[in-house]
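Engineer:
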Amino acid sequence: MAHCSSNIPGPEWREKFDIFGDDGIFNSDFEAWKLHRKVARALFSHQKFQQLATKTMQEITQKSLIPVLEHVSEQNKEFDLKHLLNRGTFDFACAITTGYNPNFLSMEQPEVPFLKAIDNACEAIFFRYVFPERLWKLQKWMGIGKERKLSNGWRSLDCFWEECLSYKREKRSEVVATTSKNEDEESFIDLLECYLSGNEVTGATPNEKVMRDNVIALILAAEGTTGITLSWFFWLLSKNNPLIEAKIREEITENLPIQPMKFTLEDLSKLVYLHAALCETLRLFPPIPFQLRKNEETDTLPSGHEIKMNTDVLISIYAIGRMRSVWGEDCYEFKPERWISEDGQIKHVPPQKFFAFNAGPRICPGREIGFNLMKIIAATVIKNYEVQILENQGVIPKVLDANCEAENSVHVEHRTHRGIKMDEARMELQNLVLSG
Ligand code: HEM
16 MAHCSSNIPG
26 PEWREKFDIF
36 GDDGIFNSDF
46 EAWKLHRKVA
56 RALFSHQKFQ
66 QLATKTMQEI
76 TQKSLIPVLE
86 HVSEQNKEFD
96 LKHLLNRGTF
106 DFACAITTGY
116 NPNFLSMEQP
126 EVPFLKAIDN
136 ACEAIFFRYV
146 FPERLWKLQK
156 WMGIGKERKL
166 SNGWRSLDCF
176 WEECLSYKRE
186 KRSEVVATTS
196 KNEDEESFID
206 LLECYLSGNE
216 VTGATPNEKV
226 MRDNVIALIL
236 AAEGTTGITL
246 SWFFWLLSKN
256 NPLIEAKIRE
266 EITENLPIQP
276 MKFTLEDLSK
286 LVYLHAALCE
296 TLRLFPPIPF
306 QLRKNEETDT
316 LPSGHEIKMN
326 TDVLISIYAI
336 GRMRSVWGED
346 CYEFKPERWI
356 SEDGQIKHVP
366 PQKFFAFNAG
376 PRICPGREIG
386 FNLMKIIAAT
396 VIKNYEVQIL
406 ENQGVIPKVL
416 DANCEAENSV
426 HVEHRTHRGI
436 KMDEARMELQ
446 NLVLSG
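Numbering of the sequence shown is given in my numbering, commencing with residue 16 and proceeding in unit increments.
(1) Taking the alpha carbon of Thr2 as the point to measure from, which residue in Arg187, Met324, Gly319 has its own alpha carbon closest?
(2) With a Cβ-Cβ cutoff of 7 Å, do Pro301 and Ile332 count as a contact?
(3) Val357 to Ala232, Cα distance in whole Å?
(4) With a threshold of 6 Å (Cβ to nearest heavy atom), would Asn116 be considered close to ligand 1?
(5) Which two residues bound the contiguous beta strand (DSSP E) that contains Phe305?
(6) Nearest CA to the CA of Lys97: which residue from Trp247, Asn135, Phe41, Phe32?
(7) Can you check whether the CB of Ser88 is closer than 7 Å to the CB of Ser121?
(8) Please go through the segment 77-139 and give each complete alpha helix (DSSP H) segment of 4 or more residues, from N-terminal end onward.
(9) Using C-beta distances below 7 Å, list every residue in its chain close to Cys379, excluding the 5 sequence neighbours before and after it, in chain order.
(10) Keeping to the same chain, check which residues put their C-beta closer than 7 Å to that of Pro26; ignore five residues upstream and five downstream.
(11) Whole angstroms are fine: how far does the CA of Gly218 sit from the CA of Ala139?
(12) Whose C-beta lies closer than 8 Å to the C-beta of Val287 among residues of the same chain, with five residues either side of it excluded?
(13) Less than 6 Å between the CB of Phe372 and some heavy atom of ligand 1, yes or no?
(14) Bridge partners of Thr315, per DSSP?
(15) Okay, do the segment 253-265 and the segment 283-299 touch, 3+ Cβ pairs below 8 Å being the bar?
(16) For ligand 1, is there a heavy atom less than 6 Å away from the beta-carbon of Cys109?
(17) State the CB to CB distance for the pair Thr244 and Leu172, rounded to an integer number of angstroms; the pair is presumed to be in contact (CB under 8 Å).
(18) Less than 7 Å between C-beta atoms, sequence neighbours within five positions excluded: which residues of the same chain meet that for Gly389?
(19) Which partner residues of Ile361 appear in the DSSP bridge assignment?
(20) Comparing the C-beta of Gly218 with each C-beta of chain B, is any distance below 7 Å?
(21) Between Ala57, Trp28, Arg56, which has its C-alpha nearest Ser43's C-alpha?
(22) Report yes or no: do the segment 177-193 and the segment 145-157 share at least 3 C-beta pairs separated by less than 8 Å?
(23) State the Cα-Cα distance for the pair Arg308 and Val328, rounded to the nearest angstrom.
(24) Would you mind stating whether Gly36 and Asp228 have Cβ atoms separated by less than 7 Å?
(25) Measuring straight from C-alpha to C-alpha, what distance separates Leu283 and Leu271?
(26) By a C-beta neighbour count over all protein chains shown, 10 Å radius and 16 as the cutoff for buried, is Tyr210 buried or exposed?
(27) Can you list, in chain order, the residues of its chain with a C-beta nearer than 6 Å to that of Cys346? Leave out the 5 residues immediately preceding and following it.
(28) Give a yes or no on whether the C-beta atoms belonging to Ile75 and Phe119 are separated by under 7 Å.
(29) What is the rounded straight-line gap between the Cα of Thr69 and the Cα of Gln77?
(30) Quick one, which of Tyr115, Ser166, Val225 has its alpha-carbon nearest Arg187's?
(31) Arg308: beta carbon under 6 Å from a heavy atom of ligand 1?
(32) Rounded C-beta distance between Val225 and Trp176? I'm assuming under 8 Å.
(33) Determine the burial state of Val191: buried for a count of at least 16 other Cβ atoms within 10 Å of its Cβ, exposed for fewer.
(34) Do Thr112 and Ile303 have their C-beta atoms within less than 7 Å of each other?
(35) Can you name, in chain order, every residue of its own chain whose Cβ lies under 7 Å from the Cβ of Trp156, other than the five neighbours on each side?
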């Protein structure tokens, strides 16, 4: 197989995902990307960052999630779980990135323009892929349709960034002014703190655009993935055999302390069955359902297909998770057992097969943090509550409506279940879309 540079997003990707900025890890290539990648890895493995992540996870479950769930369960109220989980994971992502927990997961449920902006942006970006370039560029120029929503979303992201930066600067000047530093704050670092203090993790303070783009990228990377995976997880549990939920509950009872619900990372590592159920959720509903890459040189795929230079290669992660040839005849079934080896541990599945975290040089560096966060939230909910999904509401992944009426597939969240069980031929086709 010839040299393949398909880990490079390329200029078209950057143009379509412009809202996330040219100067962050998501949209950069080559040397610039290598530098951002090095920073991300150094930060995620830093002890003080990991302490911040663990402390934040505990705080969000104790001070925000449990009070809200107590309230709704006492009142026997129906509520939007996805909404709640997105807020919790957003608070988490914001705290580890900027040191600021906006407390959007609270009884008050304040408006979150950032989340709305992201939703609108994703809709508009999808539209940019589905419709001819000239059409969306015209809309952009005229400031109408989805492009208008996108530019409003852009303003919300920038406002949010300004808020985080002012908060951080104020905090830092308070610390300098009082000289009596708060022990807790002194012992943790977040990305913005590293940038502003010129910490060895990030090096000399970069310009504001680099900070903005990477802070937004990290918030998106952590929030947009974990919140939605947890929503699918609870939905799959309620739709499938109640024995799976019972098994998870039993595992939690056996391995986690009773009160208070304070888990260590070691406790979490004992939750093998829960881990397996989360992997199974990610296989069936990967929160990043496709990847687009640009080929720098003419290349040959393992299937024998030749792809010409500068070809867009669209890889459907969603389809790979549902192929019989990859996962077997039972590929549509929700079976945590497929992830557990004979000695009761999680099986190693190569990333080329389990693609939810990507594979190769751009593989997700936040996988462990993501699993820990999801395990804490899932364990807290399952141990204390029973989640019942309301009947008669269709649920379908937003960007994957098989019939692909663009308006509906992006606007409508609750619909009949059509489109999820697509046949394999269609999957194979979706798996590789080549355009010259
Ligand atoms: C369910 C959890 C998660 C899933 C399924 C997931 C999946 C992915 C995928 C598929 C990519 C590749 C995107 C691309 O190249 O287009 C990615 C990249 C990335 N993820 Fe995650 N992610 C998760 C959680 C997290 C968390 C919690 C963090 C941070 C704390 C994180 C940080 C990142 C970063 C920084 C990148 C960019 C890496 C690069 O371009 O080199 N992720 N993730």
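Note that the Cβ used here is the ideal one computed from N, Cα and C, for glycine as well.
Structural biologist: From the atom records:
(1) Because residue 2 is not part of the residues shown, which for the chain are 16 to 451, the question remains open.
(2) By one-based count along the sequence shown, residue 301 stands at place 286. By one-based count along the sequence shown, residue 332 stands at place 317. Yes, they are a contact pair.
(3) Walking along the sequence shown from the start, residue 357 turns up at place 342. Walking along the sequence shown from the start, residue 232 turns up at place 217. Before going further, note that residue 357 is Glu rather than Val in the sequence given. Glu357 and Ala232 have their alpha carbons spaced roughly 39 Å apart.
(4) Stepping through the sequence shown from its first residue, residue 116 is reached at position 101. Here the distance from the Cβ of Asn116 to the nearest heavy atom of ligand 1 is not below 6 Å.
(5) The sequence position of residue 305 within the sequence shown is 290, counting from 1. Note, Phe305: beta strand (DSSP E), 305-309.
(6) Numbered from 1 along the sequence shown, position 82 holds the residue referred to as residue 97. Residue Trp247 is the option with its Cα nearest to Lys97.
(7) Within the sequence shown, the letter at position 106 stands for residue 121. Within the sequence shown, the letter at position 73 stands for residue 88. No, the pair does not count as a contact, with Cβ atoms beyond the cut-off.
(8) Runs found: 81-89, 96-113.
(9) Within the sequence shown, the letter at position 364 stands for residue 379. Leaving aside the five residues that flank Cys379 on each side, the residues in its chain whose CB is nearer than 7 Å to its CB run, in chain order, Phe372, Asn373.
(10) Taking the first residue of the sequence shown as 1, we reach residue 26 at position 11. For Pro26, there are no CB contacts under 7 Å within the same chain when 5 residues up- and downstream are skipped.
(11) Within the sequence shown, the letter at position 124 stands for residue 139. Within the sequence shown, the letter at position 203 stands for residue 218. Whole-angstrom Cα-Cα distance: 35 Å.
(12) Position 272 of the sequence shown holds residue 287. Around Val287: Glu266, Ile355, Gly359, Gln360, Ile361.
(13) Residue mapping note: residue 372 aligns to position 357 of the sequence shown, counting from 1. Answer for Phe372: yes, Cβ within range of ligand 1.
(14) Position 300 of the sequence shown, counting from 1, holds the residue named residue 315. Thr315 pairs with Glu321.
(15) Judged by Cβ distances under 8 Å, the segment 253-265 makes contact with the segment 283-299, as three or more pairs qualify.
(16) As a first step, residue 109 is located in the sequence shown; it is residue number 94 there, counting from the start. Placement of the Cβ of Cys109 at a distance of 6 Å or more from every heavy atom of ligand 1 is found.
(17) One-based indexing of the sequence shown puts residue 244 at position 229. One-based indexing of the sequence shown puts residue 172 at position 157. Leu172 and Thr244 do not touch by the CB rule: their CB atoms are close to 22 Å apart, not below 8 Å.
(18) As a position in the sequence shown, residue 389 is number 374, starting the count at 1. Per the sequence shown, the amino acid found at residue 389 is Met instead of Gly. Correct list, in chain order: Thr241, Thr244, Leu245, Leu293.
(19) On the sequence shown, residue 361 is found 346 positions in, with the first residue counted as 1. In the DSSP output, where bridge partners are listed per residue, Ile361 has Ile355.
(20) Of the protein chains in the structure, only one exists, and it is not chain B.
(21) Indexing the sequence shown from 1 puts residue 43 at position 28. Distance from the Cα of Ser43 is smallest, within the candidate group Ala57, Trp28, Arg56, for Trp28.
(22) Between the segment 177-193 and the segment 145-157 there are fewer than three inter-stretch CB-CB distances shorter than 8 Å, so the stretches are not counted as touching.
(23) Position 293 of the sequence shown, counted from the first residue, corresponds to residue 308. Position 313 of the sequence shown, counted from the first residue, corresponds to residue 328. Cα-Cα distance, rounded: 5 Å.
(24) In the sequence shown, residue 36 corresponds to position 21, counting from 1. In the sequence shown, residue 228 corresponds to position 213, counting from 1. Contact flag set, yes.
(25) Numbered from its first residue, the sequence shown carries residue 283 at position 268. Numbered from its first residue, the sequence shown carries residue 271 at position 256. Between Leu283 and Leu271, the C-alpha separation is close to 8 Å.
(26) Walking along the sequence shown from the start, residue 210 turns up at place 195. Answer is buried; the Cβ neighbour count reaches 16.
(27) On the sequence shown, residue 346 is found 331 positions in, with the first residue counted as 1. Within the same chain, Cys346 has close Cβ partners Arg337, Arg339.
(28) Here residue 75 corresponds to residue number 60 of the sequence shown, with the count starting at 1. Here residue 119 corresponds to residue number 104 of the sequence shown, with the count starting at 1. No. Outside cutoff.
(29) Within the sequence shown, the letter at position 54 stands for residue 69. Within the sequence shown, the letter at position 62 stands for residue 77. If I take the Cα positions, the gap works out to 12 Å.
(30) Within the sequence shown, numbered from 1, the residue matching residue 187 stands at position 172. Taking only the C-alpha atoms, the option nearest Arg187 is Tyr115.
(31) One-based indexing of the sequence shown puts residue 308 at position 293. In terms of side-chain proximity, the C-beta atom of Arg308 is found no nearer than 6 Å to any non-hydrogen atom of ligand 1.
(32) Residue numbering aside, residue 225 sits at position 210 when the sequence shown is read from its first letter. Residue numbering aside, residue 176 sits at position 161 when the sequence shown is read from its first letter. Actually they are not in contact, since the Cβ atoms of Val225 and Trp176 sit about 12 Å apart, beyond 8 Å.
(33) In the sequence shown, residue 191 corresponds to position 176, counting from 1. Answer is exposed; the Cβ neighbour count stays below 16.
(34) The residue given as residue 112 occupies position 97 in the sequence shown. The residue given as residue 303 occupies position 288 in the sequence shown. Contact flag unset, no.
(35) Position 141 of the sequence shown, counted from the first residue, corresponds to residue 156. Nothing meets the Cβ criterion.
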